[in-house]
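**Q** Those protein sequence lines, which keep their order, are chains U and X.
Counting from 1 along the first sequence, just add 953 to a position and that's the residue number in this note's numbering.
Counting from 1 along the second sequence, just add 34 to a position and that's the residue number in this note's numbering.
The beta carbon of each residue, even a glycine, is placed where N, CA and C say it ideally should be.
Next up is a structure, given as structure tokens.
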Amino acid sequence: TSQQARLEGFFKPI
Amino acid sequence: MLEARLEQADLLKKVVDAIKDLVQDCNFDCNDSGVALQAMDNSHVALVSMMLKAESFSPYRCDRNVALGVNLTSLTKVLRAAQNEDILTLKAEDAPDVLNLVFENTDSDRLSEYDLKLMDIDQEHLGIPDTEYAATISLPSVEFRRICVDLMALSESVSIETSKDGIKFSCAGDIGNGAVTLRPNTNVEKPDQNVEIELTEPVALTFSLKYLVNFCKAAGLSKTVKLCLSNEVPLLVEYALAGSSYLRFYLAPKIGD
Numbered sequence: 954t955s956q957q958a959r960l961e962g963f964f965k966p967i
Numbered sequence: 035m036l037e038a039r040l041e042q043a044d045l046l047k048k049v050v051d052a053i054k055d056l057v058q059d060c061n062f063d064c065n066d067s068g069v070a071l072q073a074m075d076n077s078h079v080a081l082v083s084m085m086l087k088a089e090s091f092s093p094y095r096c097d098r099n100v101a102l103g104v105n106l107t108s109l110t111k112v113l114r115a116a117q118n119e120d121i122l123t124l125k126a127e128d129a130p131d132v133l134n135l136v137f138e139n140t141d142s143d144r145l146s147e148y149d150l151k152l153m154d155i156d157q158e159h160l161g162i163p164d165t166e167y168a169a170t171i172s173l174p175s176v177e178f179r180r181i182c183v184d185l186m187a188l189s190e191s192v193s194i195e196t197s198k199d200g201i202k203f204s205c206a207g208d209i210g211n212g213a214v215t216l217r218p219n220t221n222v223e224k225p226d227q228n229v230e231i232e233l234t235e236p237v238a239l240t241f242s243l244k245y246l247v248n249f250c251k252a253a254g255l256s257k258t259v260k261l262c263l264s265n266e267v268p269l270l271v272e273y274a275l276a277g278s279s280y281l282r283f284y285l286a287p288k289i290g291d
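Right, dumping it as structure tokens:
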């Protein structure tokens, strides 16, 4: 089964 | 002050309609280049990025940068009072408590004015790096919607695989499996129907269909949609609007075996 990633894993907060 | 006039209320109505189920409270960031919006859904899986460039308005005036904190459910209620063909003008002071919306029907000389209360929204912004995607696919927006809706009847997730031969959407569910493959195709008479694939390397990623189906509410804004993929980065789904304005959605992939 695959897990849903969150956006913060790819885009950094500014 | 801000004063931005849209030839047709239709554009804003459709944009808000396309994003209101994904994000609820968001800032419309206005500056001299236009009106921008960036907001994540509650689970931080999907992100909406909208840009309505100053050129999409006529006239457009924004003297100082201003963030208009809007509840989209409330905005929807006000926009329901606008006919699609009405001229829509957005107005706000430099430090506004309200957003003023004016709808004009030039045929019947009707003028409607609404004030929408604004809110302070402390919004998290994410930096989205410029990405050279491994695969860029352009296809009819209704085709993409149909594929997502059909596959969601079988499964929560879709695998998207691209190669130079085509793009394959596949899913596996309790009742069985499904797959749709689109091959590149060019229709000179109906360019809106084209499927175009630009590829530097093959890509295979898995995404939640619930979000993709949600993005497809924007299909009425553009006849074509662009999907940009690279392995292990969020998918970009872009609806191009007139005047180089756009409505973009980013979706984090599902990762695992």
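(1) Cα-Cα, which of X:V69, X:Q58, X:R114 and X:A101 is closest to X:K47?
(2) What distance in whole Å lies between the Cβ atoms of X:A73 and X:V49, which are believed to be in contact at a cut-off of 8 Å?
(3) Identify, in the order they occur along the chain, each residue of the same chain with its Cβ nearer than 7 Å to the Cβ of X:A70, setting aside the five sequence neighbours on each side.
(4) What span of residues does the beta strand (DSSP E) with X:C262 cover, start to end?
(5) Take X:V247 and list the residues in its own chain whose beta-carbon comes closer than 8 Å to its own, dropping the five residues that flank it on each side.
(6) What residue ranges within the region 132–159 of chain X form continuous beta strand (DSSP E) runs of no fewer than 3 residues, ordered along the chain?
(7) Cα separation between X:K198 and X:Q42?
(8) State the start and end residues of the unbroken alpha helix (DSSP H) segment that holds X:R180.
(9) Under 7 Å Cβ-Cβ, which residues of chain U neighbour X:K251?
(10) Can you pull the chain U neighbours of X:E158, defined as C-beta to C-beta under 7 Å?
(11) Would you mind giving the Cβ-Cβ distance between X:I231 and X:T258, rounded to the nearest angstrom? I have them listed as a contact below 8 Å.
(12) Can you find a C-beta in chain U that's less than 7 Å from the C-beta of X:K202?
(13) Report the rounded CA-to-CA distance for X:N99 versus X:K125, giving the unit in angstroms.
(14) Tell me, please, whether the region 88–95 of chain X touches the region 272–290 of chain X by the rule of three or more beta-carbon pairs shorter than 8 Å.
**A** Concretely, from the data shown:
(1) As a position in the second sequence, residue 47 of chain X is number 13, starting the count at 1. The candidate whose alpha carbon is nearest that of X:K47 is X:R114.
(2) As a position in the second sequence, residue 49 of chain X is number 15, starting the count at 1. As a position in the second sequence, residue 73 of chain X is number 39, starting the count at 1. Actually they are not in contact, since the Cβ atoms of X:V49 and X:A73 sit about 12 Å apart, beyond 8 Å.
(3) In the second sequence, counting from the first residue as 1, residue 70 of chain X sits at position 36. Correct list, in chain order: D63, M84 and M85.
(4) Residue mapping note: residue 262 of chain X aligns to position 228 of the second sequence, counting from 1. Where X:C262 is concerned, the enclosing beta strand (DSSP E) starts and stops at T258 to L263.
(5) As a first step, residue 247 of chain X must be located in the second sequence, where it is residue number 213. Only R179, C182, V183 and M186 meet the Cβ criterion.
(6) Under the rule that a run must span 3 or more residues, the beta strand (DSSP E) segments found entirely inside the region 132–159 of chain X read 132–139 and 144–151.
(7) Within the second sequence, the letter at position 164 stands for residue 198 of chain X. Within the second sequence, the letter at position 8 stands for residue 42 of chain X. Using only the alpha carbons, I get a separation of about 40 Å.
(8) By 1-based counting over the second sequence, the position of residue 180 of chain X is 146. S175 to M186 is the span of the alpha helix (DSSP H), which, as asked, contains X:R180.
(9) Here residue 251 of chain X refers to the residue found at position 217 when the second sequence is read from its first residue. Chain order gives no chain U residues near X:K251, where near means a beta carbon separation below 7 Å; the closest approach is about 20 Å.
(10) By 1-based counting over the second sequence, the position of residue 158 of chain X is 124. Result: P966.
(11) Translated into positions along the second sequence, residue 231 of chain X becomes position 197. Translated into positions along the second sequence, residue 258 of chain X becomes position 224. Rounded, the Cβ-Cβ distance is 13 Å, inconsistent with contact.
(12) Here residue 202 of chain X is taken as the residue at index 168 of the second sequence, counted from 1. Residue contact check for X:K202 against chain U: no CB pair falls below 7 Å.
(13) The residue labelled residue 99 of chain X in the question sits at position 65 within the second sequence. The residue labelled residue 125 of chain X in the question sits at position 91 within the second sequence. C-alpha of X:N99 to C-alpha of X:K125: approximately 13 Å in a straight line.
(14) In this structure the region 88–95 of chain X lies against the region 272–290 of chain X, because at least three pairs of beta carbons, one per stretch, are closer than 8 Å.
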